[in-house]
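Working notes, structure below.
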Amino acid sequence: MGRTLSVRLSHNWRHDAARFDDENLVSCAGLVPVMELAEQTGLPDLLERHVVFRSERIRSGAANPTPKLTSIISGMASVLRRHLLALATRTDVPAGIAEQAFVDIDSLLRPVYGHAKQGASFGHTKIANRQVLRKGLSPLVTTISTRAAAPVLTGIRLRAGKTGSGKGAASMLTEAITTAKTAGATTILCRGDSAFGNHKTITAVVKTGAQFSFVLTKTRPVLRAIGAIPEHAWTPARYPGAVLDPDTGELISDAEVADIDYTAFAGTKHEITARLIVRRVRDRNHPDELFPVWRYHPFFTNTTEPVTDADITHRQHAIIETVFADLIDGPWAHLPSGLFAANAAWATLAAITHNLLRAAGTLTDHTHAVARGATLRRHLINVPARITRPQGKQTLHLPTHWPRASRWKALWDSTFTDHRRQVAA
5 MGRTLSVRLS HNWRHDAARF DDENLVSCAG LVPVMELAEQ TGLPDLLERH VVFRSERIRS
65 GAANPTPKLT SIISGMASVL RRHLLALATR TDVPAGIAEQ AFVDIDSLLR PVYGHAKQGA
125 SFGHTKIANR QVLRKGLSPL VTTISTRAAA PVLTGIRLRA GKTGSGKGAA SMLTEAITTA
185 KTAGATTILC RGDSAFGNHK TITAVVKTGA QFSFVLTKTR PVLRAIGAIP EHAWTPARYP
245 GAVLDPDTGE LISDAEVADI DYTAFAGTKH EITARLIVRR VRDRNHPDEL FPVWRYHPFF
305 TNTTEPVTDA DITHRQHAII ETVFADLIDG PWAHLPSGLF AANAAWATLA AITHNLLRAA
365 GTLTDHTHAV ARGATLRRHL INVPARITRP QGKQTLHLPT HWPRASRWKA LWDSTFTDHR
425 RQVAA
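Here the numbering used here = 1-based position in the sequence shown + 4.
This is the structure we're talking about:
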């Protein structure tokens, strides 16, 4: 069959039959409803008001800044937060935020090469569970998510590669919590790894009235607290997808959790008493031990969930890694400029685009509301179309039998028809 089709095609097509002569084709028709959503949520106006160039070489360089966007980081950060709130008003991007919101914080090291990148320096990153020293830039990121909604970015700060992960975390978390409250959150849980389990960060969270769940470094006081947990207090951890032994009815898992009251930063003005929840797993490096050898993973929290539920909730902090994966698969694959300020603006623009694409997914259907960024681009953005103007009415002609036509049309209708009804009302 394939050979017959190949022969037929070779006889039907002439050598001069391929021509680049159509001026009305677009390769990414999905940008039309997405950019319409950006217009409806005031993104161009926000850029005009908050992005101002003060170091232009010529006076006219300050005019019409919207298409120039290369620096002024504070203004870009303001646009990111304000536009997220506008998207929250226009779409279901923060679905479920009234019940509970999760504010996550994390950093990563994006490798760069050569000597021309301002701010690039050697920092530690983990590859295949090993600490590696690499040259790069280190974005610090905060996100908001709910039990029903995928994470969106509330803040991003580009830093030198050697910068400590927790530097600047307290102020970023405070801003993220304020944004979450403005979007309608009343119960907020902030989560992070051991780089953020310090008195400055936890105190900042407590001052806002939010709850916290941060990994603690296994210092001597933490190890003493773990040692004080009685053996009968350990409970098998029931993770999603766990399997029960058909003979005993017990979980086929060696993970156990327990909690104990703990006062962190004791003896200082920052001391806080809450729960130290510890997950322990068998150390497989000692398969022939006479007594079990455990590895302990403690985190500090003031939530009131049962210990097993609190452990699962804390481990879901890893959802921020899906945001990193989306950005690395897209604009963060490369930081294009040699100028640090330009790369910082690029990173913020990537965050704004991520949120806009996420909001477009919520206007499509539930599946796309939580889909990966690559899926959203493939299903909603990368759609070929032909532009015509019959009787002066601009029309997009999309492929016949497009497999996702109904979902794409749902995005189109939600963006244009529904918004016009709201404006008319």
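By construction, the Cβ of each residue, glycine as well, lies at the ideal position given by its N, Cα and C atoms.
On a Cα-Cα basis, can you pick out the residue from the options that is closest to residue i?
i: residue 210; options: 234, 271, 126 and 275; result: 275
i: residue 407; options: 383, 390, 396 and 197; result: 383
i: residue 390; options: 188, 239 and 29; result: 29
i: residue 159; options: 82, 100 and 230; result: 82
i: residue 262; options: 241, 271, 278 and 269; result: 241
i: residue 217; options: 27, 103 and 318; result: 318
i: residue 278; options: 207, 42, 114 and 161; result: 207
i: residue 104; options: 188, 352, 39 and 178; result: 188
i: residue 351; options: 335, 411, 343 and 179; result: 335
i: residue 95; options: 119, 412, 153 and 115; result: 153
i: residue 80; options: 55, 92, 97 and 98; result: 55
i: residue 388; options: 26, 24, 115 and 32; result: 32
i: residue 338; options: 233, 116 and 267; result: 116
i: residue 98; options: 52, 135 and 157; result: 157
i: residue 300; options: 119, 268, 233 and 110; result: 233
i: residue 27; options: 405, 392, 362 and 268; result: 392
i: residue 343; options: 221, 121 and 135; result: 121
i: residue 53; options: 421, 295 and 84; result: 84
i: residue 119; options: 410, 341 and 409; result: 341
Indicate whether residue i and residue j have their beta-carbon atoms separated by less than 8 Å.
i: residue 205; j: residue 174; result: yes
i: residue 346; j: residue 331; result: no
i: residue 87; j: residue 50; result: yes
i: residue 123; j: residue 141; result: yes
i: residue 108; j: residue 196; result: yes
i: residue 285; j: residue 302; result: no
i: residue 100; j: residue 182; result: no
i: residue 400; j: residue 36; result: yes
i: residue 155; j: residue 324; result: yes
i: residue 92; j: residue 190; result: no
i: residue 127; j: residue 138; result: yes
i: residue 162; j: residue 414; result: no
i: residue 267; j: residue 203; result: no
i: residue 396; j: residue 333; result: no
i: residue 178; j: residue 212; result: yes
Looking only at its chain, what residues have a beta carbon closer than 6 Å to the beta carbon of residue i, apart from the 5 residues adjacent to it on each side?
i: residue 215; result: 193, 306 and 307
i: residue 46; result: 90
i: residue 62; result: Note on residue 62: pLDDT 46, under 50, position unreliable in the model; the coordinate value appears next. Hits under 6 Å: none found.
i: residue 321; result: 108 and 195
i: residue 219; result: 197, 198, 201 and 303
i: residue 237; result: 262
Once the 5 residues before and after residue i are set aside, which same chain residues still bring their CB inside 7 Å of it?
i: residue 328; result: 112
i: residue 375; result: 365
i: residue 416; result: 37
i: residue 74; result: Reliability of the predicted coordinates at residue 74 is poor, the pLDDT of 40 falling under 50, and the value obtained from them is presented with this limitation in mind. So the qualifying residues of the chain are 346 and 349.
i: residue 312; result: 239, 241, 242 and 261
Leaving out five residues on either side along the sequence, give the residues of the same chain with a beta carbon under 8 Å from the beta carbon of residue i.
i: residue 270; result: 225
Entirely enclosed beta strand (DSSP E) segments - the stretch 96–151, minimum 3 residues: 105–111, 125–131 and 134–149
Tell me whether the stretch 158–172 and the stretch 364–371 touch, counting them as touching only if at least three CB pairs, one residue from each stretch, are closer than 8 Å. no
Quick test of the definition: if touching needs 3 or more C-beta pairs under 8 Å, does the stretch 223–236 touch the stretch 120–134? no
Pick out the complete alpha helix (DSSP H) segments inside the stretch 322–389, 4 residues or longer, and give them in chain order. 324–332, 344–366, 370–373 and 377–380
Every unbroken alpha helix (DSSP H) inside the stretch 156–186 [4 residues or more]: 173–186
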